[in-house]
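Count along the sequence shown from 1, then add 258; that gives the number in my numbering. Ideal Cβ placement from N, Cα and C applies to all residues, glycine included. To start, the structure under review is shown below, and the notes come after it.
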Amino acid sequence: MTAVLDRPAVVPPLRRARARWGWGLGAAAVVVWSLAGAGLFSGPVVNAAGPAQFGRFASAALSPARDGEFLRVLASSVGVTVAYAALGAALAVALGALGAVAVARTTWGRRRAGWTLARGALAVPRGLHEAVWGLLLVNLLGLDPWVGVLAIGIPYGAVTAKVFADLLDEVPRGAYSALLASGAGRVPAALYGLLPPASGGLLSYSFYRLECAVRSAVVLGLIGAGGLGYQLSLSFSSLRWPQVWSCVYALALLCLVAEVAGRAVRRRLASPRSSGGRLRRDRVLSAAVAVTLAGVVWSAWYLALSPATLVSDRTGEQLRYVLSNAWPPDTDGPLLRAVAGAAVDTVQMSVIAIAVATVGAVLLAGVAAHPPRGAPAARRLGGTAVRLALLLLRAVPPPVWALVLLFVLRPGILPGALALGIYTLGVLGRLAAEATEELDPRPRAALTALGAGPVGGWLYGVLPRATGPVLAFALYRWEVAIRDTVLVGLLGAGGLGALLATQVARFDWGAVTTVLAALVVLTAAVDLVSARARAALR
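Below, the structure written as structure tokens:
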């Protein structure tokens, strides 16, 4: 017994903790390097004449434009945005349903080479921002409504196909195996044996894509596709600040409606109703699906879409011209050096954006989380105000924030990076608040019972356990931010987006292919690094 007690304890090696420290120090070094690259330490970054103009812009928030003529224009712009979102999301779901069967692991069985190639084929449409698709499609179709619909549907369709395939791979295999045993092929067996049991998850994600499509439709409007984003851009360029704020409020309201409706539908899908132990049809969900389908039909009529545009002689000739000049890619030394420099700017913008958003989300998560029952009225009011502020941050597209920041900052990658950080804070703040709400409340309650104040209870009872989920969300948002840097770059903030816009304006399609390839490779590299970092946090 004594020998056992005297035996020294075996201390397990802290490999994971060391890995976390390594990732943390590396992240800090990358943030400092990015700030230095943005010019924060090398000279003045503030525009001395900007605060006065920013004051005029901010003061107009209390007096938005309310005249009847502008409100009619605003209503028409909202209709165009909703139509783009509905048709783009519908196309994405249709492409995702077809693509899911083609890229599901179940469809390929043990043929891993074919499955890997099918998944790899989705990397290109997923890796390009919808604004990039819009920029390319304008050169093929001109100023046609199909540009906005396809620019949303193609990249969203590739993302939806991947998610749908993962959902199909997780459903029970009984019906699928029975169809195979009866002689059906893999594709029909997947269509009839896997899709029906996965319909709940598929429908839930489809409504989530509709929420995202609303924001994408606004973004496409900023680059000339029409709708609310286009009207916002016109008002901003003419310095009509009351009209700008009317557009911003309309945009925030539209995003709020889409978000609340989408979350309500997903909540009902997550907890299906039953009667007598049997699932019964949910009339609210049926009505939501019917209204959505009717909205798609109305959108096609409202935008006056013509399928003939896609198969016209002009479209075919322009497509052949672009493809013939886009291959092989341009590999000249000056272009490759420009691509390398722009890629560095893109990475630095994304790193600064995520650093700003992460710090802000950590500071606001506790206040933005829904308070427990019995919380003081001031706490509930403060939480509501913060949640509405986060909604406004993520409702306004990053290019608009970049234009606002150019009032007070000198041109460069810093305004674009901070604009992405503000927008990402709106998204990450919401995710961090939801993660905080899901934590076990007992540690904080125990600290409160021992006499700790609200701040102390949050610092020691909530923050340590919320750090992991928040950092995981931040790393995921980094993957998204690397794509969004292209959007602010297209409008002049630097990086690969600015280089892409320059080459498209020159109609140098070989150089465009090179820049697009660099975007896809950079996106894949960031996805890989982010996945490794998330694994180290587990």
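Alpha carbon of residue i to alpha carbon of residue j, nearest angstrom
{"i": "SER608", "j": "SER435", "result": "45 Å"}
{"i": "THR374", "j": "PRO383", "result": "16 Å"}
{"i": "VAL304", "j": "TYR560", "result": "45 Å"}
{"i": "GLY535", "j": "ARG526", "result": "Summary for GLY535: the model assigns pLDDT 47, below 50, so the residue's position carries little reliability; its value from the coordinates is reported in the next sentence. In a straight line, the C-alpha of GLY535 is about 17 Å away from that of ARG526."}
{"i": "ARG668", "j": "LEU486", "result": "28 Å"}
{"i": "VAL779", "j": "THR772", "result": "11 Å"}
{"i": "VAL476", "j": "PRO634", "result": "38 Å"}
{"i": "GLY752", "j": "LEU408", "result": "26 Å"}
{"i": "ASP424", "j": "ALA362", "result": "7 Å"}
{"i": "LEU537", "j": "ALA319", "result": "With a pLDDT of only 48 at LEU537, under the threshold of 50, the placement of this residue in the model should not be trusted; the figure read from the coordinates follows. Looking at the two C-alpha atoms, the distance is approximately 49 Å."}
{"i": "ARG688", "j": "VAL597", "result": "35 Å"}
{"i": "LEU394", "j": "ARG700", "result": "54 Å"}
{"i": "ARG631", "j": "ARG645", "result": "18 Å"}
{"i": "TYR450", "j": "LEU426", "result": "11 Å"}
{"i": "LEU356", "j": "ALA419", "result": "7 Å"}
{"i": "ALA782", "j": "GLY385", "result": "8 Å"}
{"i": "ALA333", "j": "TYR488", "result": "13 Å"}
{"i": "ALA548", "j": "ARG541", "result": "10 Å"}
{"i": "GLY599", "j": "PHE299", "result": "19 Å"}
{"i": "VAL359", "j": "VAL728", "result": "33 Å"}
{"i": "ASP571", "j": "TRP556", "result": "28 Å"}
{"i": "GLU428", "j": "SER462", "result": "15 Å"}
{"i": "VAL762", "j": "PRO430", "result": "48 Å"}
{"i": "SER440", "j": "GLY432", "result": "12 Å"}
{"i": "LEU478", "j": "ALA471", "result": "10 Å"}
{"i": "ALA294", "j": "ALA379", "result": "37 Å"}
{"i": "GLU627", "j": "ALA704", "result": "Checking the sequence shown, residue 627 turns out to be Ala, not Glu. Taking the straight line joining both Cα atoms gives about 19 Å."}
{"i": "THR573", "j": "PRO565", "result": "12 Å"}
{"i": "GLN501", "j": "LEU490", "result": "8 Å"}
One or two residues paired with residue i in a DSSP bridge
{"i": "VAL304", "result": "LEU667"}
Residue i, enclosing alpha helix (DSSP H) - first and last residue
{"i": "VAL336", "result": "326 to 361"}
{"i": "VAL569", "result": "No alpha helix (DSSP H) contains VAL569, which DSSP labels as neither H nor E."}
{"i": "ILE481", "result": "Counting along the chain, ILE481 falls outside any alpha helix (DSSP H), and DSSP gives it neither H nor E."}
{"i": "SER544", "result": "541 to 561"}
{"i": "ALA601", "result": "591 to 626"}
{"i": "GLY755", "result": "753 to 763"}
{"i": "VAL396", "result": "388 to 399"}
{"i": "ARG652", "result": "635 to 653"}
{"i": "GLY432", "result": "432 to 439"}
{"i": "PHE422", "result": "403 to 428"}
{"i": "GLY443", "result": "It is not in any alpha helix (DSSP H) - GLY443 carries neither H nor E in the DSSP assignment."}
{"i": "ARG498", "result": "No alpha helix (DSSP H) contains ARG498, which DSSP labels as neither H nor E."}
{"i": "ALA798", "result": "The question about residue 798 has no answer, for the chain in this structure spans 259 to 796."}
Supposed close pair residue i, residue j - CB separation, criterion 8 Å
{"i": "GLY297", "j": "LEU651", "result": "Their Cβ separation, rounded to whole angstroms, is 24 Å, which puts GLY297 and LEU651 out of contact at 8 Å."}
{"i": "LEU329", "j": "ALA510", "result": "Going by Cβ atoms, the distance from LEU329 to ALA510 rounds to 16 Å, so no, they are not a contact pair."}
{"i": "VAL580", "j": "ASN397", "result": "7 Å"}
{"i": "GLY354", "j": "GLY280", "result": "No, GLY354 and GLY280 are not in contact; Cβ-Cβ is about 38 Å, not under 8 Å."}
{"i": "PHE494", "j": "LEU683", "result": "21 Å between Cβ atoms; not a contact."}
{"i": "ALA389", "j": "LEU745", "result": "5 Å"}
{"i": "ALA769", "j": "LEU593", "result": "6 Å"}
{"i": "ILE410", "j": "ALA341", "result": "11 Å between Cβ atoms; not a contact."}
{"i": "LEU480", "j": "PRO655", "result": "6 Å"}
{"i": "GLY392", "j": "ALA483", "result": "6 Å"}
{"i": "VAL336", "j": "LEU512", "result": "6 Å"}
Cβ shell of residue i (< 7 Å), same chain only, five flanking positions each side left out
{"i": "LEU733", "result": "SER788, ALA791 and ARG792"}
{"i": "GLU469", "result": "ALA516, GLU517 and GLY520"}
{"i": "ALA348", "result": "VAL554"}
{"i": "ALA558", "result": "LEU345"}
{"i": "VAL417", "result": "ARG384"}
8 Å CB neighbourhood of residue i in its chain, flanking five on each side removed
{"i": "TYR507", "result": "PRO322"}
{"i": "VAL784", "result": "VAL605, SER608, TRP736, GLU737 and ILE740"}
{"i": "GLY679", "result": "ILE610, ALA611, ILE612, ALA613, VAL614, ALA615 and GLY618"}
{"i": "LEU514", "result": "LEU649 and ALA653"}
{"i": "VAL602", "result": "GLY295"}
{"i": "LEU437", "result": "PRO446, ALA447, TYR450 and GLY451"}
C-beta neighbour in chain B for residue i, strict 8 Å
{"i": "ALA423", "result": "Protein chains in the displayed structure number just one, and chain B is not present."}
Neighbourhood of residue i by C-beta distance below 6 Å, restricted to the same chain and skipping five residues each side
{"i": "LEU749", "result": "PRO657"}
{"i": "THR567", "result": "ASP402 and TRP404"}
{"i": "VAL685", "result": "ARG652"}
{"i": "ALA759", "result": "LEU748"}
{"i": "SER464", "result": "VAL351"}
{"i": "ARG638", "result": "PRO629"}
{"i": "VAL338", "result": "GLY484 and GLY485"}
{"i": "VAL288", "result": "VAL609"}
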